[in-house]
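Chemist: Just so you know, the protein sequences line up as chains A and B, in that order. Its first residue numbered 1, the first sequence is counted upward by one per residue in the numbering used here. Its first residue numbered 1, the second sequence is counted upward by one per residue in the numbering used here. Dropping a structure here in structure tokens format, bear with me for questions.
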Amino acid sequence: MSHSDAPDEGRGAQSGKSRPVSAPYDSLSVTFREDQPLHLDSGETIAPYTIAYQSYGDLNEDKSNAILICHALTGDQHVANDHPLTGKSGWWDVMVGPGKPVDTDRYFVICSNVIGGCLGSTGPSSPNPVTFKPYGLDFPVITIADMVRAQASLIDYLKIDTLFCVMGGSIGGMQVLEWATSYPNRVKTAIPIATAARHSSQNIGFNEVGRQAIMADPNWHEGRYYDHDESPSKGLAVARMAAHITYLSEEAMQEKFGRNLQDRDKVTFGFDADFQIESYLRYQGFKFVERFDANAYLYITRAVDYFDLAADHAAGGTLADVFKGTKTRFCVVSFTSDWLYPSSEARTIVKALNAVAAKVSFVDITSDKGHDAFLLDEPDFFDAIQGFLSSAAKQAGLEPARTTGEAS
Amino acid sequence: MSEHLTNGSEPIIRVDHLLIASMVAPGTRVLDVGSGEGSLLALLEERKRVDGRGIELRQEGVNRSVAKGLSVIQGDADKDLVDYPDDAFDYAILSQTLQATHKPRDVLKHLLRIGHRVIVSLPNFAHWKLRSQLLLTGRMPETSHLPYKWYDTPNIHFCTLKDFRELCDELGATIGQSYTLNSYGYKLPYVVPYFLQNLIGEQAVFLLKR
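Structure follows, in structure tokens:
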């Protein structure tokens with residue numbers, strides 16, 4: 001099986017690696033060697049590179065039941081299993097599993113850590129093959145298309161020609177759109193959720209605040225904090241806090257926290273976390289730095305900022321030109337209270353798809369949960385996904401859920 | 001929107017849907033504008049194997065349609081048809097929806113541009129029951145077919161069969177086929193003259209060509 005030009009595969013934490021941040025953590029992984037470099041939009045290449053991934057369910061004989069899930073900014077490949085670092089259940093546990101909308105008794109589900117990430121795939125915290133030290137800022141700037149290109153090499157490696165579905169929310173949704181555009185013949189159905197075809201000025205602005213918070217932390221050391229004892233966790237926590245606000249709706253935040261005080265009867269006339277919302281955000285920031293690399297945050301947010309599907313694929317043209325001739329069936333989903341990627345962004349995508357008479361469904365789910373709604377238990381959302389997938393599966397001639405087989 | 005006109009929620013197939021289905025050639029591309037909960041689209045996909053799309057204003061209808069596996073988007077006939085290219089579909093269908101649009105004339109114009117053929121079904125406001133209610137009671141008519149009070153009806157632009165034929169003329173559309181149904185849902189024979197259809201027809205289905 002293993003011949004010299006084949007990528008290396010592995011499972012489990014690889015001992016001897018310098019930092020836990022770059023180890024694959026109980027994930028499957030495949031390493032593409034120097035002779036199989038990843039060509040980036042910037043013109044640079046990364047080689048070798050590793051893609052860490054998880055899979056659920058079984059690939060059928062004709063390899064027609066594969067669903068690729070693309071994770072969001074701070075997500076990872078641990079979609080439906082307990083997270084190896086936090087011990088919490090997978091980030092899309094509600095959506096993916098036996099009998100769930102993305103039914104792992106029926107589909108073979110794959111999710112890989114994005115290139116530039118920090119949970120096993122090659123990123124700024126991975127060792128630079130030239131210096132044998134972590135890349136830091138020597139890691140080339142990556143784009144959404146680069147992430148997708150890396151995913152495609154994983155899908156090639158798994159010898160899957162056509163994906164039954166590519167789905168994901170937020171910047172995962174951008175990867176879905178990129179897949180449908182870069183590899184239209186390899187994507188039967190696409191489900192971009194709570195996303196946009198390009199990053200807005202406001203969104204770039206929010207990302208910049210996060211990056212500046214990280215870079216203003218003296219422990220950042222121009223990205224070379226790997227050589228020091230401390231990492232820029234304060235800056236990263238602030239970045240997370242600011243971003244977290246954009247994931248919630250004003251309504252949900254007001255309802256959950258209001259002006260409630262945290263474990264006290266009156267304000268302290270100081271700068272402690274008097275309010276519950278302060279305490280909540282501080283906690284979110286604090287938890288986040290345990291599992292995320294600050295430089296990875298810089299690189300991934302940059303990739304999102306650069307995303308502009310129409311500009312990248314139809315210079316001088318419109319978004320509709322990008323989708324011309326597409327055979328992919330789309331199900332676009334937005335949430336009414338999402339102000340990070342509002343419904344209007346989804347409508348823009350739907351309009352473009354309509355303009356080329358593409359096969360598209362579009363649901364704007366009523367929810368007060370803001371952008372994060374796509375991660376939560378929203379029955380209308382689940383019904384739409386389940387209905388869309390099963391009808392597409394029927395059309396594709398996929399067997400209904402198997403009656404035999406081992407539990408995953 | 002079409003569900004507005006049903007009596008209750010019995011799962012029987014509506015007679016106008018069957019007539020529309022009879023006008024659609026198998027295996028064609030169909031756009032259903034005002035697709036409601038997707039019953040017509042589902043019928044067309046099942047019986048005519050069409051490649052169907054729908055636009056529906058109400059989110060609930062859209063969600064139910066998508067959950068059924070239909071390609072339906074949330075959208076507004078008055079606003080969103082402009083995004084569709086010319087000749088994108090073999091048939092553009094407007095089932096019991098024209099009277100609920102803000103600009104019926106523009107909607108029809110867009111449909112004639114988007115669809116090679118256009119199928120329109122609509123209630124006839126000149127039906128004798130409506131005429132007599134207005135004449136005898138002096139109040140806005142309400143029937144089992146059109147059960148709304150004047151102030152909460154979604155139907156804001158009623159027309160008669162005669163009005164509709166005139167609009168088609170004005171837009172240069174020819175009526176290739178048409179069926180008029182009486183209040184029992186039976187097709188009136190072709191020999192019934194138009195003025196009489198306009199009196200005893202409760203609804204009608206038209207197949208239009210440019």
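Every residue gets a Cβ at the ideal spot worked out from N, C-alpha and C, and that includes glycine.
Is it the case that the segment 129 to 137 of chain A contacts the segment 167 to 182 of chain A, given that we only count it when at least three CB pairs across the two stretches are under 8 angstroms?
Modeler: no
Chemist: Taking beta-carbon pairs under 7 angstroms, can you tell me which members of the segment 350 to 373 of chain A lie near chain B?
Modeler: 350, 351, 354, 355, 357, 359, 360, 361, 362, 363, 364 and 366
Chemist: Buried or exposed: where does residue 197/B fall if 16 or more other Cβ atoms within 10 Å of its Cβ makes it buried?
Modeler: Label assigned to residue 197/B: buried.
Chemist: What's the call for residue 281/A, buried or exposed, on a 16-neighbour Cβ count within 10 Å?
Modeler: buried
Chemist: What's the C-alpha gap between residue 53/A and residue 277/A?
Modeler: Distance between the alpha carbons of residue 53/A and residue 277/A is about 35 angstroms.
Chemist: With a floor of 4 residues, list each alpha helix (DSSP H) that falls wholly inside the segment 82 to 140 of chain B, ordered by position along the chain.
Modeler: 104 to 114 and 128 to 137
Chemist: At a CB-CB cut-off below 8 angstroms, which residues of chain A make contact with residue 26/B?
Modeler: Within 8 angstroms Cβ-Cβ: nothing; residue 26/B doesn't reach chain A, min ~17 angstroms.
Chemist: Measuring CA to CA, which of 316/A, 360/A and 215/A is closest to residue 298/A?
Modeler: 215/A
Chemist: Taking beta-carbon pairs under 8 angstroms, can you tell me which members of the segment 371 to 397 of chain A lie near chain B?
Modeler: 380, 383, 384, 386, 387, 388, 390, 391, 392 and 394
Chemist: Find the residues of chain B that neighbour residue 331/A, judging by a C-beta separation of less than 8 angstroms, and give them in chain order.
Modeler: 66
Chemist: Using a Cβ-Cβ cutoff of less than 7 angstroms, which residues in the same chain neighbour residue 13/B once the five nearest sequence positions on both sides are dropped?
Modeler: Excluding positions up to five away in sequence, the list reads 43.
Chemist: Give me the DSSP bridge partner(s) of residue 69/B.
Modeler: Answer by DSSP bridge pairing: none, since residue 69/B is not bridged.
Chemist: Tell me, please, which residues DSSP counts as bridged to residue 49/A.
Modeler: 32/A
Chemist: What is the residue span of the beta strand (DSSP E) that residue 190/A lies within?
Modeler: 187 to 193
Chemist: May I ask you to list, following chain order, the residues of the segment 112 to 129 of chain B that have a beta carbon less than 7 angstroms from some beta carbon of chain C?
Modeler: Of the chains in the structure shown, none is chain C; the protein chains are A and B.
Chemist: Is there a Cβ from chain A that is less than 8 angstroms from the Cβ of residue 86/B?
Modeler: no
Chemist: List the DSSP bridge partners of residue 111/A.
Modeler: 54/A and 69/A
Chemist: Between residue 32/A and residue 107/A, how many whole angstroms is the CB-CB distance? I'm expecting something under 8 angstroms.
Modeler: The Cβ separation is near 26 angstroms, so there is no contact.
Chemist: Using a C-beta cutoff of 8 angstroms, does residue 22/B count as contacting chain A?
Modeler: Residue 22/B does not count as touching chain A.
Chemist: Can you tell me whether residue 185/A is buried or exposed, with buried defined as 16 or more other CB within 10 angstroms of its CB?
Modeler: exposed
Chemist: Taking the continuous beta strand (DSSP E) assigned at residue 204/B, which residues delimit it?
Modeler: Note, residue 204/B: beta strand (DSSP E), 203 to 209.
Chemist: Under 8 angstroms between the Cβ atoms of residue 122/A and residue 225/A?
Modeler: no
Chemist: Does the beta carbon of residue 30/B come closer than 8 angstroms to any beta carbon on chain A?
Modeler: With its beta carbon at least 8 angstroms from every one in chain A, residue 30/B lies outside the interface.
Chemist: Rounded to the nearest angstrom, what separates residue 291/A and residue 400/A at their Cα positions?
Modeler: 38 angstroms
Chemist: Among 376/A, 266/A, 370/A and 350/A, whose alpha-carbon lies nearest the alpha-carbon of residue 76/B?
Modeler: Between residue 76/B and the set 376/A, 266/A, 370/A and 350/A, the nearest pair of CA atoms involves 350/A.
Chemist: Residues in the same chain with beta-carbon distance under 7 angstroms from residue 24/B, minus the five sequence neighbours each way, listed in chain order, please.
Modeler: Cβ contact annotation for residue 24/B (same chain, cutoff 7 angstroms, sequence separation greater than five): 30, 44, 48, 50 and 91, in chain order.
Chemist: Counting only beta-carbon atoms, is residue 69/B nearer than 8 angstroms to chain A?
Modeler: Taking a beta-carbon distance threshold of 8 angstroms, residue 69/B counts as an interface residue toward chain A.
Chemist: Any idea which residues DSSP pairs residue 74/B with across the strands?
Modeler: 56/B
Chemist: Please confirm whether residue 72/B has its beta-carbon closer than 8 angstroms to some beta-carbon of chain A.
Modeler: yes
Chemist: Assign residue 92/A to one of two classes, buried (16 or more other C-beta atoms within 10 Å of its C-beta) or exposed (fewer than that).
Modeler: Under a 10 Å Cβ-count criterion, residue 92/A is classified as buried, with 16 or more other Cβ atoms of the shown protein chains found around its own Cβ.
Chemist: Would you list the one or two residues that DSSP bridges to residue 330/A?
Modeler: DSSP lists 190/A and 360/A as partners of residue 330/A.
Chemist: Going by CA-CA distance only, name the one from 32/B, 82/B and 104/B that's closest to residue 93/B.
Modeler: 32/B
Chemist: Give the straight-line distance between the Cα atoms of residue 116/B and residue 322/A, rounded to the nearest whole angstrom.
Modeler: 25 angstroms
Chemist: To the nearest angstrom, report how far apart residue 396/A and residue 355/A are at their CA atoms.
Modeler: 25 angstroms
Chemist: Examine the Cβ distances between the segment 127 to 140 of chain B and the segment 98 to 106 of chain B and report whether three or more of them are shorter than 8 angstroms.
Modeler: no
Chemist: Give me the residue from 205/A, 85/A and 65/A with the minimum Cα distance to residue 161/A.
Modeler: 65/A
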